[in-house]
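Participant: Under numbering that gives the first Met the number 0, residues 0 to 976 are what the sequence shown spells out, in order. Would you mind keeping the following structure in view while I ask a few things?
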Amino acid sequence: MEPSTAQMAGGPRDRRADALGDLRVLPDEIICSILEELTPRDVARLACVSSVMYLLCNEEPLWMILCLKGASGLLQYKSSWKKTALHHENLPDKYIECNRGFLHFDGFNSLYLYRRLYRCHTKLDTFYVDNGNVRRKDVSLEDFRDEYDGKKPVMLTGLADAWPARHKWTTDQLLLSYGDVAFKISQRSSRKILMKFKDYVSYIKLQHDEDPLYIFDEKFGETAPGLLKDYCVPHLFQEDFFDILDEDKRPPYRWLIIGPERSGASWHVDPALTSAWNTLLSGRKRWALYPPGKVPLGVTVHVNEEDGDVNIETPSSLQWWLDFYPLLADEDKPIECTQLPGETIYVPSGWWHCVLNLETTIAVTQNFVNSSNFEFVCLDMAPGYRHKGVCRAGLLALDDDSYEHVKKNVFCDEQNLSYSIPPKREKRARNHENGDDLNNERTKNGVSRAYNAWKDGFSYDIKFLSMFLDKDRDHYRSPWSSGNSIGQRELREWLSKLWIGKPEMRALIWKGACISLNAGKWSECLSEICSFHNIPSPLDDERLPVGTGSNPVFLVGNTVVKIFVEGGLEVALYGLGTELEFYNILHEVNSPLRNCIPEGLGTGILYLDNGTYTNLPWDGKGVPDIVIKNNLTGQKGGVDDFLFGVWGKKQFEYRNAEMPKHESVSSAGHSNIWPYIITKRCEGKIFAELRDILSKEDVTNLASFLGEQLRHIHLLPHPPLNVSAFSVIEQDSGLPEINGYAASFNNKLNMRAEWEIFIRTLTRKRKDVLSRLAKWGDPIPRKLIEKVNKYLPHQFENLLNITESQDNARKPCSWIHSDIMDDNIYMEPSCVSTASETSRQGALADNRSLCGSSVNRDVKSWRPSYILDFSDLSIGDPILDLIPIYLDVFRGDSYLLKLFLESYKLPLAINISKHESAENDDKCCRLSYLAMCYCILHDDNVLGAIFSIWDELRSANSWEEVELTVWGALNNYKGFP
Numbered sequence: 000m001e002p003s004t005a006q007m008a009g010g011p012r013d014r015r016a017d018a019l020g021d022l023r024v025l026p027d028e029i030i031c032s033i034l035e036e037l038t039p040r041d042v043a044r045l046a047c048v049s050s051v052m053y054l055l056c057n058e059e060p061l062w063m064i065l066c067l068k069g070a071s072g073l074l075q076y077k078s079s080w081k082k083t084a085l086h087h088e089n090l091p092d093k094y095i096e097c098n099r100g101f102l103h104f105d106g107f108n109s110l111y112l113y114r115r116l117y118r119c120h121t122k123l124d125t126f127y128v129d130n131g132n133v134r135r136k137d138v139s140l141e142d143f144r145d146e147y148d149g150k151k152p153v154m155l156t157g158l159a160d161a162w163p164a165r166h167k168w169t170t171d172q173l174l175l176s177y178g179d180v181a182f183k184i185s186q187r188s189s190r191k192i193l194m195k196f197k198d199y200v201s202y203i204k205l206q207h208d209e210d211p212l213y214i215f216d217e218k219f220g221e222t223a224p225g226l227l228k229d230y231c232v233p234h235l236f237q238e239d240f241f242d243i244l245d246e247d248k249r250p251p252y253r254w255l256i257i258g259p260e261r262s263g264a265s266w267h268v269d270p271a272l273t274s275a276w277n278t279l280l281s282g283r284k285r286w287a288l289y290p291p292g293k294v295p296l297g298v299t300v301h302v303n304e305e306d307g308d309v310n311i312e313t314p315s316s317l318q319w320w321l322d323f324y325p326l327l328a329d330e331d332k333p334i335e336c337t338q339l340p341g342e343t344i345y346v347p348s349g350w351w352h353c354v355l356n357l358e359t360t361i362a363v364t365q366n367f368v369n370s371s372n373f374e375f376v377c378l379d380m381a382p383g384y385r386h387k388g389v390c391r392a393g394l395l396a397l398d399d400d401s402y403e404h405v406k407k408n409v410f411c412d413e414q415n416l417s418y419s420i421p422p423k424r425e426k427r428a429r430n431h432e433n434g435d436d437l438n439n440e441r442t443k444n445g446v447s448r449a450y451n452a453w454k455d456g457f458s459y460d461i462k463f464l465s466m467f468l469d470k471d472r473d474h475y476r477s478p479w480s481s482g483n484s485i486g487q488r489e490l491r492e493w494l495s496k497l498w499i500g501k502p503e504m505r506a507l508i509w510k511g512a513c514i515s516l517n518a519g520k521w522s523e524c525l526s527e528i529c530s531f532h533n534i535p536s537p538l539d540d541e542r543l544p545v546g547t548g549s550n551p552v553f554l555v556g557n558t559v560v561k562i563f564v565e566g567g568l569e570v571a572l573y574g575l576g577t578e579l580e581f582y583n584i585l586h587e588v589n590s591p592l593r594n595c596i597p598e599g600l601g602t603g604i605l606y607l608d609n610g611t612y613t614n615l616p617w618d619g620k621g622v623p624d625i626v627i628k629n630n631l632t633g634q635k636g637g638v639d640d641f642l643f644g645v646w647g648k649k650q651f652e653y654r655n656a657e658m659p660k661h662e663s664v665s666s667a668g669h670s671n672i673w674p675y676i677i678t679k680r681c682e683g684k685i686f687a688e689l690r691d692i693l694s695k696e697d698v699t700n701l702a703s704f705l706g707e708q709l710r711h712i713h714l715l716p717h718p719p720l721n722v723s724a725f726s727v728i729e730q731d732s733g734l735p736e737i738n739g740y741a742a743s744f745n746n747k748l749n750m751r752a753e754w755e756i757f758i759r760t761l762t763r764k765r766k767d768v769l770s771r772l773a774k775w776g777d778p779i780p781r782k783l784i785e786k787v788n789k790y791l792p793h794q795f796e797n798l799l800n801i802t803e804s805q806d807n808a809r810k811p812c813s814w815i816h817s818d819i820m821d822d823n824i825y826m827e828p829s830c831v832s833t834a835s836e837t838s839r840q841g842a843l844a845d846n847r848s849l850c851g852s853s854v855n856r857d858v859k860s861w862r863p864s865y866i867l868d869f870s871d872l873s874i875g876d877p878i879l880d881l882i883p884i885y886l887d888v889f890r891g892d893s894y895l896l897k898l899f900l901e902s903y904k905l906p907l908a909i910n911i912s913k914h915e916s917a918e919n920d921d922k923c924c925r926l927s928y929l930a931m932c933y934c935i936l937h938d939d940n941v942l943g944a945i946f947s948i949w950d951e952l953r954s955a956n957s958w959e960e961v962e963l964t965v966w967g968a969l970n971n972y973k974g975f976p
């Protein structure tokens, strides 16, 4: 071929400027990042724009990202990522299988694309490290605990020699036994992706990816239980504090790991600062490790200031070794080794590590909590953010002033560690440059600065790290990090079970509870309350709060002490005040409900002022002196008024309905004032503990019991509306326009005032429903979130049919419990086995904890006895009480709902004429529609429970389909005479 004119003139012209137009000012990596945000169809169209855009839009790494971003469920690789992505778009095969070869263009060069291409095709033969600096040895349990446990990594030999997995876990052997089993695939995607093992093996043989897919499955023991028989936990790692939890309640802890050459785990610290062991069965892995606080070059740690969630930006494992490792000075290089088949590496708590598979590897790993890392795990679950940043990024997480303060003031001696607390600065964790420009001298200098910051005073010591805790943060009131390995309630249940199940470890468990729960503070409060009310001092068994609720609850002898803290002081006052007002009415009318509510023994407000506790009795009437003293309320009224009763609470809910949850409580900062209530302790157990062992008859009796008690609650008269207090709502002439219609009410409607505040609150909640559902995300289908505003009614008063006319009184408001869930229902034995009555009484006496003791297996049947926790009481539509009962207690069982309604017997709606029905949308006449709207607008993620119970609804095309599946049975309910 003869050279072109352009070539004869000095080479091909640079086609980039003409082909990209105005986009030419952007570097290739930015353009590629923009392309990653488009849909596969848009990228395919954009490839037709110009020659350079064609090259950028046909890159395989781009199509891998596009494919995985939209993939979920079972994935099958179609020889290339572009074909796989287009296959998911349901295009006809004639377009996907087009045999036309790729076009080639001269005059375009891209170092960025070249590096990506190189990483996709490089071989790792030269990456083997013969002389790593991780010791290889066979150690005894005593030597392991003395020299390595919680201190430094070690490569252990001989631990897997007797495992069947040692010879059975090869690709060919697993293919024969588990070829059709779908395993979870780990990749940088928020969606759950599965691949059948035979398809994954096929993918391994075809792929040329920079960061290949690899199996990282924590559920392999459920999908392929035979694999669990092929190995056992090595004797060095038998102690695991998480094993006290039931299998379905403990956080993910074991993984099957299978990956090809170039795959691996990028830099990270194991979740919750747990330790880990990893045994390799076939292939070779290269490991790099850094001590706690020494952030690797190229890695950035972000810590969310609101909830403490930690996010890490890191290059892929291969990219780090190719692009960043060569820049490191000797003093900055990581601890390294190559793991061989049969070897087990131990990674201590808080250690950074990165793994690169040098060939196809198969391994098993488990994380664990033992005596050496227990306090660190508790620290990682404590509220706040600064301590989490320091645990991972060391002193780099501090601002400059705090960093210098720590350098100057940290001191310790060999006998005792003592630290000076630096001033608190509300800033995001700061980290070094990530080294995008590999030739920039600042990058090398940044490494040295990071190394110096790690050396200067940082200590992975629990006393040192604990000083960065935010002492003003409270576990019960602070936002919980989504990155935590377990939830707040699960943490309390875990510690409570440890407290009961491991009495020999209580000194250590107490330290951890003080870090994560602030147990020492609550223990002091409990002692003050017990002393004031002449309750015997708590026994050692009774020192930790019990249950899974949102407030500290203690069982002391025959009493239950509940301290109100959730949501801040104002929420706590309204919670206790409303509960006391409810009890007052309950006794005035002598409702039979009294027999199913624990007897109240005392209430009050405890506060700490200048180191001294003061206890102030309060029966819910008037405004407590401490509240007046601190100017916490502008309410005025008589000493016999329930100013913190239900109508004050409804105003408070209205005021905060459209505010972000963490900003909605104006008095959350008053952390030294605690309302509390003391009730008589019930014999028996909460339903949550008994659910799995109850007979069908027990459960059906429970459904009827709940229907009867809800009837009593909803028939109870509510207090008259305080017109003067309601003036705040009356002054609100209207709400902003929402989705194209006015949110204010029609003045011509003669609406009951109590319904008006209810409706206005719903309307405020509707305003941000789209963003709230999007934030909750999975498992709520995205396509339904987009349709939610169209589904919800424009005017809720029409939906409820609550306006008055001269001859029709319409639907009344009712007291609603709002929180009848499986942990707020108590049951007692109704029949025991041939064991003596003495044995039964002994079993009840030994029931020292709501969640820490095992269920008495001698009991043959249980009967419901009490409904607990009335602090969430409100006034509104009784249908709201069906939501927690049906979804949480009955778990969507329509038969139990039917039994409940047969016992409930009250109508849930009033009859309306055909004329009225024609005036309204037909859907407004369905009880199922009303219940579904309440689920969507609920303060809690009720929809998450719905799409978890009815998994098939995740593919629903409309809210009507969800509504009728979940709540359709209500449409046949008319109440009973």
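In this text, a Cβ means the ideal position worked out from N, Cα and C, and glycines have one as well.
(1) Residue range of the alpha helix (DSSP H) that Cys47 falls in?
(2) Between which two residues does the beta strand (DSSP E) holding Met194 run?
(3) If Thr337 sits next to Val128, beta carbons under 8 angstroms apart, how far is it from one beta carbon to the other, in whole angstroms?
(4) To test your reading of the DSSP string, which unbroken beta strand (DSSP E) runs of 3 or more residues are found completely within the segment 336-376?
(5) Assuming Thr558 and Arg680 form a contact by the criterion Cβ under 8 angstroms, report the distance between their Cβ atoms to the nearest whole angstrom.
(6) According to DSSP, Pro674 sits in a beta bridge with which residue or residues?
(7) So, helix, strand or coil for Ala328, using DSSP?
(8) So what does DSSP say about Leu615, is it helix, strand or coil?
(9) Judging by CA-CA distance, which residue of Leu867, Pro382 and Val545 is the nearest neighbour of Ser481?
(10) Short check: CB of Glu238 to CB of Ser370, under 8 angstroms?
(11) Considering Leu255, what are the terminal residues of the beta strand (DSSP E) in which it resides?
(12) Do Val961 and Ile945 come within 8 angstroms of each other at the CB atom, strictly closer than that value?
(13) In whole angstroms, what separates the C-alpha of Val354 from that of Lys284?
(14) Do Ala702 and Leu895 have their C-beta atoms closer together than 8 angstroms?
(15) Quickly, what does DSSP pair Arg1034 with across the bridge? List them, please.
(16) By Cβ distance below 8 angstroms, which residues in the same chain neighbour Leu193 in space, the five residues on each side in sequence not counted?
(17) Which value, in whole angstroms, describes the spacing of the CA atoms of Leu140 and Leu378?
(18) Give the range of the alpha helix (DSSP H) segment to which Lys81 is assigned.
(19) At the level of alpha carbons, what is the spacing between Leu772 and Trp479?
(20) Terminal residues of the continuous alpha helix (DSSP H) containing Glu59?
(21) What's the C-alpha gap between Ser515 and His474?
(22) If you reduce the DSSP assignment to three classes, tell me which class Phe215 lands in.
(23) Have a look at Val560, Val545, Gly556 and Ile256 and flag the residue whose alpha-carbon is nearest the alpha-carbon of Ile528.
(24) Measure the alpha-carbon distance for Glu682 versus Ser829 and round it to whole angstroms.
(25) Mind checking Glu652: buried by the 16 CB within 10 Å criterion, or exposed?
(26) Hey, Ser927 and Gly967: beta-carbon distance below 8 angstroms or not?
(27) Where does Thr125 sit, in a helix, a strand or coil, going by DSSP?
(28) In three-state DSSP terms, what is Gly776?
(29) Using 8 angstroms as the Cβ pair cut-off and three pairs as the minimum, do the segment 810-825 and the segment 532-545 touch?
(30) Could you check the C-alpha separation between Phe373 and Arg44 for me, to the nearest Å?
(31) Please report the straight-line C-alpha distance between Thr170 and Trp162, rounded to a whole angstrom.
(32) Exposed or buried, Pro333, counting other C-beta atoms within 10 Å across all chains shown (16 or more means buried)?
(33) Is it buried or exposed, Asn971, if we count other Cβ atoms within 10 angstroms and call 16 or more buried?
(34) Considering only their Cβ atoms, is the gap separating Cys923 from Leu798 smaller than 8 angstroms?
(35) How long is the line joining the alpha carbons of Val153 and His352, rounded to whole angstroms?
(36) Whole angstroms is fine: what's the gap from Arg765's alpha carbon to Pro233's?
Facilitator: Result, derived from the coordinates:
(1) Looking at the DSSP string, Cys47 is not in any alpha helix (DSSP H), and its letter there is neither H nor E.
(2) Ile192 to Lys195
(3) 5 angstroms
(4) List check, beta strand (DSSP E) in window: 343-346, 351-356 and 360-367.
(5) 6 angstroms
(6) Ile604
(7) coil
(8) strand
(9) Pro382
(10) Yes, Cβ-Cβ distance for Glu238 and Ser370 is below 8 angstroms.
(11) Arg253 to Gly258
(12) yes
(13) 7 angstroms
(14) yes
(15) It is not possible to answer for residue 1034, since the shown part of the chain is limited to 0 through 976.
(16) Gly72, Leu73, Leu74, Ala181, Phe182, Lys183 and Ile184
(17) Leu140 and Leu378: Cα-Cα distance of roughly 26 angstroms.
(18) Trp80 to His87 is the span of the alpha helix (DSSP H), which, as asked, contains Lys81.
(19) 18 angstroms
(20) For Glu59, the enclosing alpha helix (DSSP H) has its first and last residue at Glu59 to Gly69.
(21) 7 angstroms
(22) In the three-state DSSP reduction, Phe215 falls in the strand class (E or B).
(23) Closest option to Ile528, Cα to Cα, is Val560.
(24) Spanning the two alpha carbons is a distance of roughly 12 angstroms.
(25) buried
(26) yes
(27) helix
(28) coil
(29) no
(30) 54 angstroms
(31) 17 angstroms
(32) Taking all protein chains shown into account, Pro333 has 16 or more neighbouring C-beta atoms within 10 Å of its C-beta and is therefore buried.
(33) exposed
(34) For the pair Leu798 and Cys923, the CB atoms are nearer than the 8 angstroms cut-off.
(35) 13 angstroms
(36) Cα to Cα, the separation comes out at about 54 angstroms.
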